[in-house]
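First residue of the sequence shown? That's 615 in our numbering, and the numbers climb one at a time after it.
In this text, a Cβ means the ideal position worked out from N, Cα and C, and glycines have one as well.
These notes are about the structure you will find just below.
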Amino acid sequence: MAIGRLGAATRPMDNYEVLLDPDQPLAPRQLLPAPTFEVDPDSGAITSADAPPVLRFTEDGGVRPVAPFLEVWALTSVPGRDDVLEPLTIHLLEQHGLGPGDVRWSVHVANHKIYRRTGKKTDRIEAETGPFHDHAVHALNGTCANFWEGKKLPLGHARYIRPTPDFPGIRLRFTPAAGHVYGSSKVKPPPGPPDDPNLVDILYNAQKGSWLGYSDSDVPTVTAPGGIYASDDTGASKGYLDDECDGLVRAELTTEGTRLTAYARIGAGPPAYAPDSFPVRSVVDELEQAMLGPTAGADDATLEAAEDVVRRAFDTVRLMNTSVLNGNAVVGLVGAANTMAAQDTGDTGRLFEPIMAPSLVDPTALLNLHQHVLTGLRSGTAPWFADVLRDFDEVGDLSAKGRRKMPALMRGADGRSLALTRRQVDIVRKVARRSIFPEDGSGRATAPDAGRQEQE
């Protein structure tokens, strides 16, 4: 699985490492340039893999897209084993009388955001290319039955990277789209994009489709929270669409009459505007729980893993206006913004009141709180922290105590208070309570890492 990020700059983003400051563990992370493949725009071959001298996230007035490489790996055989996994290279192909041209690629991506709302198949936006084995740029231009004639939605492009002796791996690069917004109209637009760069290109034919003016209805298929699209005061869609997408990349190779295949999933989302910060709950956390289960073993419930949760929680809070999101009065106005406090009132009729004491959500107070938790975890004196984490079945607890559990002031995809994954909660609780309930059963209080050090 590879997730790209949208950007209108010509050159994709360089690689970088994200490092922690050991003296300030809750400070923004440091970004260090890392070795990056440089692809020749004409030949499609990698010409170098040097680290850039500086990191630049924008160029030529646009954000630099994150354009991931997909590598093909092969299951091969050696004496005594037939499951050796190794990169597919031109050298391995040559051993079987094959060349780079024998590898064929196909890419199929889609943007189903409108279709997800309307439920009409004529609103599906899809793009396909391949099978191809050359090293040219293959555009992924989305088509839709409800587009105006000749209009397409650019969803990026794919390119089979030309392998060389210096860089012999078999790779495909997916470059996402620019990150533009497009519109709908009941009047046929002129051909081509508008001359004024401040105007959106009109793609969607509102005479045929219902996206312009669409509004959510109270049916089980509507997302929660609903209405997450640009709308007017009545809740009717303004007809906008974007150029995000996700889909599949397939590689195919036939050798000795046997057809070998592999696939990967790709997607594209917005740029990371705070690359030195990580969200407290991410896709990686969901995947780890799906693959490894909701409980963590001793090897996974480490102090480092628990600290990472606390650090990411503070990362998330640092990017929020916590005073406003808590429900504090703003220039004398109560309920001046869409907050969890207002959400609780609007959704359930609960009496409006700030979630935390207004003085506790000051940035300095929150920094001190997370620093206290981090210090407690390291010293083995933070068992209380395990009890203030919100469990997955407590997201609808609207009591004062329930609303104040961590993470606070945040909303999950179900519209209620955010909870960490069960696996994340299990890791933190095991680490936080380790000094009180030692695993060796001796009854002696031990340092959080003592048992793990003894095992090592």
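Need the endpoints of the beta strand (DSSP E) that residue i sits in, please.
{"i": "Pro804", "result": "No beta strand (DSSP E) contains Pro804, which DSSP labels as neither H nor E."}
{"i": "Pro768", "result": "Leu767 to Ile775"}
{"i": "Thr743", "result": "Ile739 to Phe746"}
{"i": "Pro647", "result": "Gln644 to Pro647"}
{"i": "Gly756", "result": "Val751 to Gly756"}
{"i": "Pro701", "result": "Arg695 to Pro701"}
{"i": "Arg619", "result": "Ala616 to Arg619"}
According to DSSP, residue i sits in a beta bridge with which residue or residues?
{"i": "Met1020", "result": "Leu1003"}
{"i": "Glu866", "result": "Arg718 and Thr875"}
{"i": "Phe761", "result": "Tyr818"}
{"i": "Arg1152", "result": "For the chain, the structure presents residues 615 to 1070; residue 1152 sits outside this window and is missing."}
Can you give me the start and stop residues for the alpha helix (DSSP H) that residue i sits inside?
{"i": "His705", "result": "Ile704 to Gln709"}
{"i": "Thr732", "result": "Lys727 to Thr732"}
{"i": "Glu900", "result": "Val897 to Leu906"}
{"i": "His986", "result": "Pro977 to Ser993"}
Assign residue i to one of three DSSP states: helix, strand, or coil.
{"i": "Ser720", "result": "strand"}
{"i": "Val814", "result": "coil"}
{"i": "Glu631", "result": "strand"}
{"i": "Arg879", "result": "strand"}
{"i": "Ser845", "result": "strand"}
{"i": "Leu855", "result": "strand"}
{"i": "Thr1035", "result": "coil"}
{"i": "Thr872", "result": "strand"}
{"i": "Ser798", "result": "strand"}
{"i": "Leu786", "result": "strand"}
{"i": "Val1045", "result": "helix"}
{"i": "Glu1008", "result": "helix"}
{"i": "Glu652", "result": "strand"}
{"i": "Asp860", "result": "strand"}
{"i": "Trp998", "result": "helix"}
{"i": "Thr916", "result": "coil"}
{"i": "Pro972", "result": "helix"}
{"i": "Gln1069", "result": "Unreliable positioning characterises Gln1069 in this predicted model, as indicated by a pLDDT of 37, which lies under 50. The coordinate reading is nonetheless provided below. Helix."}
{"i": "Asp1040", "result": "helix"}
{"i": "Asp1072", "result": "Absent from the model: residue 1072. The displayed extent of the chain is 615 to 1070, so no value can be given."}
{"i": "Thr837", "result": "coil"}
{"i": "Glu967", "result": "coil"}
{"i": "Thr736", "result": "helix"}
{"i": "Asp637", "result": "coil"}
{"i": "Val894", "result": "coil"}
{"i": "Asp830", "result": "coil"}
{"i": "Ala850", "result": "coil"}
{"i": "Ala1014", "result": "helix"}
Is it true that the CB of residue j sits closer than 8 angstroms to the CB of residue i?
{"i": "Ser891", "j": "Leu933", "result": "yes"}
{"i": "Tyr854", "j": "Val801", "result": "no"}
{"i": "Ile969", "j": "Arg1030", "result": "no"}
{"i": "Pro714", "j": "Ile704", "result": "yes"}
{"i": "Ala688", "j": "Arg776", "result": "no"}
{"i": "Arg1037", "j": "Ala912", "result": "no"}
{"i": "Tyr630", "j": "Pro649", "result": "no"}
{"i": "Pro790", "j": "Ala681", "result": "yes"}
{"i": "Leu645", "j": "Leu669", "result": "yes"}
{"i": "Thr936", "j": "Val975", "result": "yes"}
{"i": "Leu1032", "j": "Gly1026", "result": "yes"}
{"i": "Asp857", "j": "Leu767", "result": "yes"}
{"i": "Ile739", "j": "Ala753", "result": "no"}
{"i": "Tyr818", "j": "Asn760", "result": "yes"}
{"i": "Asp696", "j": "Leu707", "result": "no"}
{"i": "Arg1047", "j": "Met615", "result": "no"}
{"i": "Ala876", "j": "Ala888", "result": "no"}
{"i": "Ala955", "j": "Glu967", "result": "yes"}
- Task: Scan the region 926-963 and note each continuous alpha helix (DSSP H) run of 4 residues or more that stays entirely inside, going in chain order.
- Result: 936-939 and 954-962
- Minimum length 3: unbroken beta strand (DSSP E) runs contained in the region 660-692: 660-662, 683-685 and 687-692
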